Amino acid sequence: TLAHEVGHGVFLSLSPKQQEQWNNLSGWQKGESEGQAPPYKEKRQGWPKETSMVTHREGVGFTRHYAERNNEEDWADSFGFFVMGQKGRLPENKQAFLERVLR
């Protein structure tokens, strides 16, 4: 959890170009359109039942379902698994991006 939360701060320190590059890996966009997965709907007990305002391209890989919520959760989850030595849980393109950015 701590690595995930630190990841949020790291995302904010990325340049706008790097954030855009990250977003493009999963095809993050506002709203729904053809070729996009349905928006993330919160179903966990005790959490507000919200639906995400952003969607990602269908067929994109994620560390876990929660990372499909939005681009920042995607980054924070990927960062957390990456720095905790679980790089294999990331899709190859996201692993390569993190390796390049975190050098």
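Residue numbers (my numbering): 53 to 155. From the three backbone atoms N, C-alpha and C, an ideal C-beta is built for every residue, glycine too. Here the structure is a predicted model, which means the values were calculated and not measured.
Which of helix, strand or coil does DSSP assign to residue i?
| i | result |
| --- | --- |
| arginine 168 | Nothing can be reported for residue 168, as the shown portion of the chain is limited to 53 through 155. |
| arginine 155 | coil |
| serine 67 | coil |
Report yes if the C-beta distance between residue i and residue j is below 8 Å; otherwise report no.
| i | j | result |
| --- | --- | --- |
| glycine 113 | proline 90 | no |
| serine 78 | histidine 108 | yes |
| tryptophan 80 | valine 106 | yes |
| serine 130 | leucine 150 | yes |
| valine 132 | glycine 59 | The displayed chain sequence assigns glycine, not valine, to residue 132. Taking 8 Å as the Cβ cut-off, glycine 132 and glycine 59 qualify as a contacting pair. |
- Residue ranges of each alpha helix (DSSP H) run of no fewer than 4 residues wholly in the stretch 73-148, ordered along the chain? 123-135
- Message: I'd like to know if the stretch 117-137 and the stretch 81-96 are in contact, where contact means that at least 3 CB-CB pairs between them fall below 8 Å.
- Response: yes
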